[in-house]
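A.B. asks: Just so you know, we're using this note's numbering here: the sequence shown kicks off at 193 and counts up by one.
Every residue, glycine too, gets a C-beta built ideally from N, C-alpha and C.
Just so it is clear, the structure is predicted and the values come from calculations on it, not from any experiment.
Please find one structure pasted underneath; my questions will follow.
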Amino acid sequence: MQQRRCYWPRGKMIGGSSSMSGSIFLLGNKEDFDRWRLLGCDKWSWEEMKFLYEKALKATQHEVVDKPVGTVVLNQFDHLEEHSELAQLVLNASSELGLRYISDLSDGTIVGYTDAIPANIEKGRRMSVAKTYLGQISRTRPNLHVIKRAMVTKILFSSDNSRAVGVEFILRNHHRLKVAAMSEVLVAAGAINSPKLLLQSGIGPSEHLKALGIKQIADLPVGNNLHDHGMLPLILKFGREINLPRSMGEPQSVADYFLRQTGPLAASISIMGFINSNASSSSQYPDLHLVSHTIVPAGTADSFKFLQLRDEIVAGISRAADNKSLLQIYGSLLRPLSRGKVRLRSADPQAPPLIYNNYASEPADQLTLLRNVRFVQRMCTTAAFRNYGLQLLHVPIEECDRLSYDSDDYWLCYIKYLYIGAWHPVGTCRMGAYTDSHAVVDQRLRVRGVNRLRLVDASIMPEITSGNTNGPTTLIAEKAAVMIEDDWKEEQT
Numbered sequence: 193m194q195q196r197r198c199y200w201p202r203g204k205m206i207g208g209s210s211s212m213s214g215s216i217f218l219l220g221n222k223e224d225f226d227r228w229r230l231l232g233c234d235k236w237s238w239e240e241m242k243f244l245y246e247k248a249l250k251a252t253q254h255e256v257v258d259k260p261v262g263t264v265v266l267n268q269f270d271h272l273e274e275h276s277e278l279a280q281l282v283l284n285a286s287s288e289l290g291l292r293y294i295s296d297l298s299d300g301t302i303v304g305y306t307d308a309i310p311a312n313i314e315k316g317r318r319m320s321v322a323k324t325y326l327g328q329i330s331r332t333r334p335n336l337h338v339i340k341r342a343m344v345t346k347i348l349f350s351s352d353n354s355r356a357v358g359v360e361f362i363l364r365n366h367h368r369l370k371v372a373a374m375s376e377v378l379v380a381a382g383a384i385n386s387p388k389l390l391l392q393s394g395i396g397p398s399e400h401l402k403a404l405g406i407k408q409i410a411d412l413p414v415g416n417n418l419h420d421h422g423m424l425p426l427i428l429k430f431g432r433e434i435n436l437p438r439s440m441g442e443p444q445s446v447a448d449y450f451l452r453q454t455g456p457l458a459a460s461i462s463i464m465g466f467i468n469s470n471a472s473s474s475s476q477y478p479d480l481h482l483v484s485h486t487i488v489p490a491g492t493a494d495s496f497k498f499l500q501l502r503d504e505i506v507a508g509i510s511r512a513a514d515n516k517s518l519l520q521i522y523g524s525l526l527r528p529l530s531r532g533k534v535r536l537r538s539a540d541p542q543a544p545p546l547i548y549n550n551y552a553s554e555p556a557d558q559l560t561l562l563r564n565v566r567f568v569q570r571m572c573t574t575a576a577f578r579n580y581g582l583q584l585l586h587v588p589i590e591e592c593d594r595l596s597y598d599s600d601d602y603w604l605c606y607i608k609y610l611y612i613g614a615w616h617p618v619g620t621c622r623m624g625a626y627t628d629s630h631a632v633v634d635q636r637l638r639v640r641g642v643n644r645l646r647l648v649d650a651s652i653m654p655e656i657t658s659g660n661t662n663g664p665t666t667l668i669a670e671k672a673a674v675m676i677e678d679d680w681k682e683e684q685t
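Rendered as structure tokens:
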């Protein structure tokens with residue numbers, strides 16, 4: 193990595209990361225939520241999440257169901273003609289390896305390959321939660337106030353520290369203000385900034401707070417359990433040319449989007465696979481996500497700089513490409529065991545947090561990623577891939593090239609240097625039963641030991657779901673809305 197730093201984008205805008213992510217909307221695997229239930233979260237079953245999923249979907253123009261405006265817009269976007277050759281190539285290869293075609297990614301048993309990928313896109317436009325939830329009601333709700341350019345720095349508590357009573361925030365980097373909560377404080381700052389805010393407010397591991405001179409409100413494992421799917425880029429070189437997709441920056445792509453809302457700027461990922469690489473596990477519970485299959489045109493290998501790879505590695509890829517087009521396949525861990533943490537850099541609320549990702553630190557994760565390499569090598573033996581002369585590119589990494597190429601040790605070294613984030617961080621304010629010493633919130637997302645404080649974001653996931661986290665995070669908010677309303681009604685009786 194450049195300067196040993198990882199690229200970690202976050203959605204600091206209205207709509208959060210749904211306003212900048214790939215817009216893929218996956219529910220996950222049935223067994224994800226069975227595991228949540230085993231961890232003491234029995235109110236979060238697959239049946240409950242599937243019900244919320246179906247309830248949240250906005251009716252399409254072909255349906256007569258009367259559904260409110262402001263719910264999830266979900267479409268399988270139009271496939272680009274220039275992507276069809278690549279999609280068919282990958283689907284043919286996966287079929288040769290005995291993998292089924294997935295026609296419905298919401299049925300809870302996603303194993304195989306598909307190009308039927310649901311996304312929050314409508315007529316070429318990103319349908320973030322800012323548009324689908326806030327867009328309509330923002331002009332009709334007198335009790336809704338959205339303050340932009342404001343950073344919450346602290347949760348305020350009652351004199352006996354038993355309940356949250358409001359928050360303190362800085363407006364436009366200058367004005368320090370406070371706002372009181374009539375009912376409860378809801379925190380939805382994401383898997384990085386939610387734990388940061390709790391720690392700044394005195395909720396977290398006692399030793400960490402004491403070291404920074406922060407008054408403790410509750411001793412909870414805030415910031416622990418950080419995990420992410422991660423991505424391992426594997427690069428293949430074409431032996432013969434393939435129909436190249438247009439780039440987003442081409443004038444024709446820009447014109448297509450502005451005139452017709454079509455083309456590369458109107459689409460997202462075109463194909464993905466879910467693989468069970470471990471013969472000893474459930475065949476319907478994949479452990480690998482082949483998340484992206486994209487072509488890098490000849491002469492553009494410097495585009496790998498976005499991975500934050502060292503300059504000499506990017507230069508080496510360009511030389512090894514030998515002016516041929518490349519295919520990049522990113523493999524992600526669906527059930528990573530490695531755990532990191534979020535901590536405060538200082539007591540200054542404006543200081544960025546310390547993020548220890550610990551990617552692939554567990555040997556079991558490294559072995560799963562090794563199986564990912566071997567799976568892609570199997571794809572290279574199929575007639576579909578051989579027809580295009582596709583072979584893995586030897587990426588020059590000085591530290592790994594001292595080892596025998598293609599040995600397990602070589603690839604484990606490769607994983608160490610090239611495994612990067614998938615930008616799906618979760619788990620830092622884990623949900624769990626009252627008996628779970630690792631839990632920060634209960635099943636109703638209420639912070640343990642503190643009244644009137646609730647978290648509503650991906651930080652509450654005890655374990656990450658199988659696939660992109662945009663969908664499950666939206667459904668967490670849907671379920672939270674029901675719980676908040678139910679709790680409020682109960683208080684009124």
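Residue 565 and residue 348 look like a contact to me (Cβ under 8 Å); what is the Cβ gap, rounded to whole Å?
C.D. replies: Not confirmed; about 51 Å, so no contact.
A.B. asks: Given this structure, state the Cα-to-Cα distance separating residue 588 from residue 423, to the nearest angstrom.
C.D. replies: Residue 588 and residue 423: Cα-Cα distance of roughly 19 Å.
A.B. asks: Going by Cα to Cα distance, which pick from 613, 647 and 611 is closest to residue 624?
C.D. replies: The shortest Cα separation from residue 624 among 613, 647 and 611 belongs to 647.
A.B. asks: Alpha carbon to alpha carbon, what distance is there between residue 661 and residue 670?
C.D. replies: Going by the C-alpha atoms only, they are around 14 Å apart.
A.B. asks: Given this structure, state the Cα-to-Cα distance separating residue 622 from residue 233, to the nearest angstrom.
C.D. replies: Residue 622 and residue 233: Cα-Cα distance of roughly 11 Å.
A.B. asks: Which whole-angstrom value is the C-beta distance of residue 519 and residue 487, which I expect to be below 8 Å?
C.D. replies: Correct: roughly 6 Å between the Cβ atoms.
A.B. asks: Check whether the stretch 284–298 touches the stretch 626–643, taking contact to mean three or more Cβ pairs, one atom from each stretch, closer than 8 Å.
C.D. replies: With the cut-off at 8 Å, the stretch 284–298 and the stretch 626–643 do not touch.
A.B. asks: Considering only residues of the same chain and omitting the five flanking positions on each side of residue 255, which have a CB-CB separation below 7 Å?
C.D. replies: Any reading at residue 255 must be qualified, since the residue scores a pLDDT of 41, below 50, and its modelled position is unreliable; the value itself is stated next. Result list for residue 255: empty, nothing under 7 Å.
A.B. asks: Below 8 Å, how does it come out for the stretch 207–224 and the stretch 644–658: are there three or more Cβ pairs, yes or no?
C.D. replies: The stretch 207–224 vs the stretch 644–658: in contact.
A.B. asks: Report yes or no: do the stretch 492–499 and the stretch 510–527 share at least 3 C-beta pairs separated by less than 8 Å?
C.D. replies: Verdict: yes, contact present.
A.B. asks: Give the DSSP-derived three-state secondary structure of residue 524 in the structure shown.
C.D. replies: Of the three classes helix, strand and coil, the one that applies to residue 524 here is strand, per DSSP.
A.B. asks: What are the start and end residues of each continuous beta strand (DSSP E) run of 3 or more residues lying completely inside the stretch 477–542, in chain order?
C.D. replies: For the stretch 477–542, whole beta strand (DSSP E) runs of length 3 or above, ordered along the chain, are 480–488, 518–525 and 533–535.
A.B. asks: Is residue 400 helix, strand or coil by DSSP?
C.D. replies: Residue 400 falls in the helix class under three-state DSSP.
A.B. asks: Based on the DSSP secondary-structure assignment, which residues constitute the bridge partners of residue 199?
C.D. replies: Note: residue 199 sits in no beta bridge, so no partner.
A.B. asks: Report the three-state DSSP secondary structure of residue 643 (helix, strand or coil).
C.D. replies: Here residue 643 sits in strand by DSSP.
A.B. asks: Where does residue 336 land, buried or exposed, given buried means 16+ other C-beta within 10 angstroms?
C.D. replies: By the neighbour-count rule (16 or more Cβ atoms within 10 Å), residue 336 is not buried but exposed.
A.B. asks: Go through its chain and collect everything with a Cβ distance to residue 260's Cβ below 7 Å, but skip five positions before and after it.
C.D. replies: Residue placement at residue 260 is flagged as unreliable, the pLDDT there being 43, under the threshold of 50; the coordinate-derived value follows with that caveat. Excluding residues within five positions, none has a Cβ falling inside 7 Å.
A.B. asks: So residue 207 packs on residue 287, CB below 8 Å; how close in whole Å?
C.D. replies: Between residue 287 and residue 207 the Cβ distance is about 38 Å, and since that is not below 8 Å, they are no contact.
A.B. asks: Hey, how far is the Cα of residue 365 from the Cα of residue 340?
C.D. replies: Residue 365 and residue 340: Cα-Cα distance of roughly 11 Å.
A.B. asks: Around the C-beta of residue 377, are 16 or more other C-beta atoms found within 10 angstroms, so that it is buried, or is it exposed?
C.D. replies: Label assigned to residue 377: buried.
A.B. asks: Expressed to the nearest angstrom, what Euclidean distance is found between the alpha-carbon atoms of residue 209 and residue 202?
C.D. replies: Distance between the alpha carbons of residue 209 and residue 202: 6 Å.
A.B. asks: Check whether the Cβ atoms of residue 455 and residue 304 sit closer than 8 Å, and answer yes or no.
C.D. replies: No.
A.B. asks: Would you say the stretch 357–372 touches the stretch 595–611, given that touching needs at least three Cβ pairs under 8 Å?
C.D. replies: These segments do not touch.
A.B. asks: Give the DSSP bridge partners of residue 450, in chain order.
C.D. replies: DSSP, once it has assigned bridges, lists no residue as partnering residue 450.
A.B. asks: When you compare each of 431, 664 and 684 to residue 244 by their alpha carbons, which one comes out closest?
C.D. replies: Minimum Cα distance to residue 244 is reached at 664.
A.B. asks: If we ignore side chains and look at the alpha-carbon of each, how far apart do residue 475 and residue 569 end up?
C.D. replies: Cα to Cα, residue 475 sits roughly 21 Å from residue 569.
A.B. asks: So which of 381, 306, 533 and 505 has the shortest CA-CA distance to residue 481?
C.D. replies: Comparing Cα-Cα distances from residue 481 to each of 381, 306, 533 and 505, the minimum goes to 306.
A.B. asks: Assign residue 395 to one of three DSSP states: helix, strand, or coil.
C.D. replies: Strand.
A.B. asks: Only counting runs of 4 or more residues, tell me where the alpha helix (DSSP H) segments fall wholly within the stretch 270–357, in order along the chain.
C.D. replies: Segments of the alpha helix (DSSP H) lying fully in the stretch 270–357: 276–288.
A.B. asks: Can you give me the start and stop residues for the beta strand (DSSP E) that residue 548 sits inside?
C.D. replies: Where residue 548 is concerned, the enclosing beta strand (DSSP E) stretches over 546–548.
A.B. asks: Determine the closest residue to residue 533 out of 611, 525 and 415, with distance taken between C-alpha atoms.
C.D. replies: Ranking 611, 525 and 415 by Cα distance to residue 533 puts 415 first.
A.B. asks: Is residue 444 closer than 8 Å to residue 317 when the C-beta atoms are compared?
C.D. replies: Contact: no.
A.B. asks: Here's a check: name, in chain order, each residue in its chain whose Cβ is nearer than 7 Å to the Cβ of residue 469, leaving out the five neighbours to either side.
C.D. replies: 479, 480, 560, 563, 564 and 567.
A.B. asks: Check each candidate in 491, 590 and 672 and name the one with the smallest Cα separation from residue 650.
C.D. replies: Minimum Cα distance to residue 650 is reached at 672.
A.B. asks: Mind checking which residues open and close the alpha helix (DSSP H) that includes residue 424?
C.D. replies: Per DSSP, residue 424 belongs to no alpha helix (DSSP H); it is in the beta strand (DSSP E), 424–429.
A.B. asks: Within this structure, are the beta carbons of residue 189 and residue 537 separated by less than 8 Å?
C.D. replies: A query on residue 189 cannot be resolved here, the shown segment of the chain reaching from 193 to 685 and no further.
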